[in-house]
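Visitor: Protein chains in written order, with the numbering used here: chain A, 23 to 156; chain B, 23 to 156; chain C, 23 to 156.
The beta carbon of each residue, even a glycine, is placed where N, CA and C say it ideally should be.
Questions regarding the structure given below will be posed in turn.
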Amino acid sequence: MQTRFDIATAGPGLYEFTPQVADWVSGTGLLTLFICHTSASLVIQENADPEVRVDLQNYFARLVPPTTDPAMAYLTHTYEGPDDMPAHIKAALLPTHLSIPVTDGALALGTWQGIYLFEHRDRPQQRQVIAHLA
Amino acid sequence: MQTRFDIATAGPGLYEFTPQVADWVSGTGLLTLFICHTSASLVIQENADPEVRVDLQNYFARLVPPTTDPAMAYLTHTYEGPDDMPAHIKAALLPTHLSIPVTDGALALGTWQGIYLFEHRDRPQQRQVIAHLA
Amino acid sequence: MQTRFDIATAGPGLYEFTPQVADWVSGTGLLTLFICHTSASLVIQENADPEVRVDLQNYFARLVPPTTDPAMAYLTHTYEGPDDMPAHIKAALLPTHLSIPVTDGALALGTWQGIYLFEHRDRPQQRQVIAHLA
Numbered sequence: 023m024q025t026r027f028d029i030a031t032a033g034p035g036l037y038e039f040t041p042q043v044a045d046w047v048s049g050t051g052l053l054t055l056f057i058c059h060t061s062a063s064l065v066i067q068e069n070a071d072p073e074v075r076v077d078l079q080n081y082f083a084r085l086v087p088p089t090t091d092p093a094m095a096y097l098t099h100t101y102e103g104p105d106d107m108p109a110h111i112k113a114a115l116l117p118t119h120l121s122i123p124v125t126d127g128a129l130a131l132g133t134w135q136g137i138y139l140f141e142h143r144d145r146p147q148q149r150q151v152i153a154h155l156a
Numbered sequence: 023m024q025t026r027f028d029i030a031t032a033g034p035g036l037y038e039f040t041p042q043v044a045d046w047v048s049g050t051g052l053l054t055l056f057i058c059h060t061s062a063s064l065v066i067q068e069n070a071d072p073e074v075r076v077d078l079q080n081y082f083a084r085l086v087p088p089t090t091d092p093a094m095a096y097l098t099h100t101y102e103g104p105d106d107m108p109a110h111i112k113a114a115l116l117p118t119h120l121s122i123p124v125t126d127g128a129l130a131l132g133t134w135q136g137i138y139l140f141e142h143r144d145r146p147q148q149r150q151v152i153a154h155l156a
Numbered sequence: 023m024q025t026r027f028d029i030a031t032a033g034p035g036l037y038e039f040t041p042q043v044a045d046w047v048s049g050t051g052l053l054t055l056f057i058c059h060t061s062a063s064l065v066i067q068e069n070a071d072p073e074v075r076v077d078l079q080n081y082f083a084r085l086v087p088p089t090t091d092p093a094m095a096y097l098t099h100t101y102e103g104p105d106d107m108p109a110h111i112k113a114a115l116l117p118t119h120l121s122i123p124v125t126d127g128a129l130a131l132g133t134w135q136g137i138y139l140f141e142h143r144d145r146p147q148q149r150q151v152i153a154h155l156a
C-alpha cells in the first residue's frame with residue numbers, strides 16, 4: 023500500500039514525523055519513504071537530546087556553506103539564492119529514501135531512532151514524502 | 023522482476039538514465055536500483071539545469087581530492103592511480119542503491135528529479151546496475 | 023522473512039559480515055539490512071585490499087574529528103564523550119540501511135563488494151542489524 027505525507031517546513035533543520043509513520047504502518051513487511059525533492063533529505067537520527075539535531079544542522083551548514091561564502095565561489099548554479107546549490111549538494115550527501123522493516127505492525131527502529139525530514143532551504147516549503155509498504 | 027542496465031562512462035560526472043528506467047517499470051510496487059561497483063554511485067538529482075551536475079562534480083572533487091593532493095598524503099591505497107581511493111570514499115559518501123515507489127506504471131519522482139549514475143573514476147568504465155521491481 | 027544479526031565491535035572501523043548474510047538469503051527477492059543505531063552505519067565497500075578500509079576510517083576521522091578538536095568547538099552534544107556527536111554526524115553521512123537484490127539464492131554483489139558495519143564509537147558495542155527478505 024502507498025500513501026503520501028505532506029510536511030511543512032520553516033527553514034533549515036530536522037523535522038520529526040515518526041508518529042505519523044508509526045500510525046500508518048501495519049502487518050509485517052518493508053516500509054520505504056521517498057522524498058520527491060532535491061533540496062531536502064530523509065534521515066534517521068537520535069530522538070532523545072534535541073542538541074543532536076542542532077549540531078547536525080550546524081555541521082552540514084559548515085560542510086556545505088552558502089554560495090555567499092568565498093570558499094564556494096566556484097559554484098555556478100546560484101540564481102535561485104545562496105542556499106540553492108548547497109541544498110542540492112546536501113541532498114546528494116544525505117538520503118533521498120529510507121527503508122525500515124516493519125514487524126507485527128511496529129517499525130524496527132532502535133530505542134533512540136526517529137525519522138526526520140532534513141530541510142536544506144531557507145524559505146518555508148511544502149514537502150511531499152511517498153510511503154510504500156509491502 | 024529483475025533486469026540489468028549497462029552504462030558506459032567516460033570520466034567523472036553524472037550520467038542520467040531516467041528514461042531507460044521509466045520505460046522498464048510497470049504496475050505498482052517498489053523499484054530498487056543497485057550498482058555493482060565501489061567506485062561509482064547512484065544519485066537522484068535535479069534534471070533541469072545542467073549547472074547543478076557540474077557543481078556537484080566540482081564539490082565532490084574538492085571534498086575528496088586525488089591522492090596527488092598533499093592533504094591526502096595519509097591515504098595508502100594508491101597503486102591503482104590517484105583517483106582510486108578517492109573513488110572508494112565518494113562511493114561510501116554517496117548511495118550504492120536507490121529505492122523509488124512505482125504507481126500505476128510511473129516512477130514516483132518529483133518534477134525535477136532524475137536518476138543518475140555518478141562516475142568517480144577518470145578512465146572509461148562499463149558499469150552494471152541491477153534493477154529489482156516487486 | 024526477517025532475522026537479526028548481532029555484531030560485536032571493538033572500536034572505530036569496518037567489520038565485514040558478508041558471509042553471514044550470504045548464508046541466510048535464498049530464492050529471488052530484495053534483501054534489506056537496517057541498523058538499529060544512530061552511531062554506526064552499514065556500507066558496501068571493496069573487500070579485496072584491507073588498506074581501503076583503513077583509508078576510509080582515516081578519511082572520516084578527519085572529515086568529522088572528535089569534539090576535542092578546536093574546529094568542532096561549536097558542537098554542544100558532548101557529555102557522552104568526544105566521539106559521541108561525531109558518531110551521529112557520520113551516521114547521517116553514511117547509510118543506515120542497504121538494499122541488495124537476491125537472485126537464485128545469491129546476493130547481486132559485484133566481484134569486489136563486501137557488506138560492512140562501520141562502527142563510529144570508541145568503546146566496544148553490541149550492534150543489531152535487522153534483515154528483511156521478500
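(1) Do T60 (chain B) and W134 (chain C) have their beta-carbon atoms positioned less than 8 Å apart in this structure?
(2) To test your reading of the DSSP string, which unbroken beta strand (DSSP E) runs of 3 or more residues are found completely within the segment 52 to 92 of chain A?
(3) Please state the DSSP three-state secondary structure of L115 (chain A).
(4) Step through the CB atoms of chain A and report whether any lies within less than 8 Å of the CB of Q67 (chain C).
(5) Along chain C, which residues have their Cβ under 7 Å away from the Cβ of L97 (chain B)?
(6) Apply the 10 Å Cβ neighbour rule to Q67 (chain B) and answer buried if 16 or more other Cβ atoms are within range, or exposed otherwise.
(7) Taking Cβ positions only, does I29 (chain A) come closer than 8 Å to chain B?
(8) Quick one: is E102 (chain C) buried, meaning 16 or more other Cβ sit within 10 Å of its Cβ, or exposed?
(9) Kindly list, in the order they appear in chain C, the residues whose Cβ is closer than 9 Å to that of A156 (chain B).
(10) Please name the residue, chosen from B:P72, B:P104, B:K112, that lies closest to L85 (chain C) on a Cα-to-Cα basis.
(11) Does the CB of Y81 (chain B) have a neighbour CB from chain A at under 8 Å?
(12) According to DSSP, what are the bridge partners of R145 (chain A)?
(13) Are there any heavy atoms of the ligand COA lying less than 7 Å away from the beta-carbon of D45 (chain A), as far as the coordinates show?
(14) State the DSSP-derived secondary structure class of H154 (chain C), mapped to helix, strand or coil.
(15) Would you call the CB atoms of V43 (chain A) and L116 (chain A) closer than 8 Å?
(16) Helix, strand or coil for D28 (chain C)? Go by DSSP, reduced to three states.
(17) Is L155 (chain B) closer than 8 Å to G51 (chain B) when the C-beta atoms are compared?
(18) With distances taken from CA atoms, which of A:I137, A:D126, A:S63 is nearest A70 (chain A)?
(19) With which residues is G136 (chain B) paired in a DSSP beta bridge?
Guide: Considering the structure as presented:
(1) yes
(2) 62 to 68
(3) helix
(4) no
(5) D77
(6) buried
(7) no
(8) exposed
(9) G51, L52, A156
(10) B:K112
(11) yes
(12) Beta-bridge pairing links R145 (chain A) to no other residue.
(13) The model depicted lacks the ligand COA and carries no ligand whatsoever.
(14) strand
(15) no
(16) strand
(17) yes
(18) A:I137
(19) B:Q67
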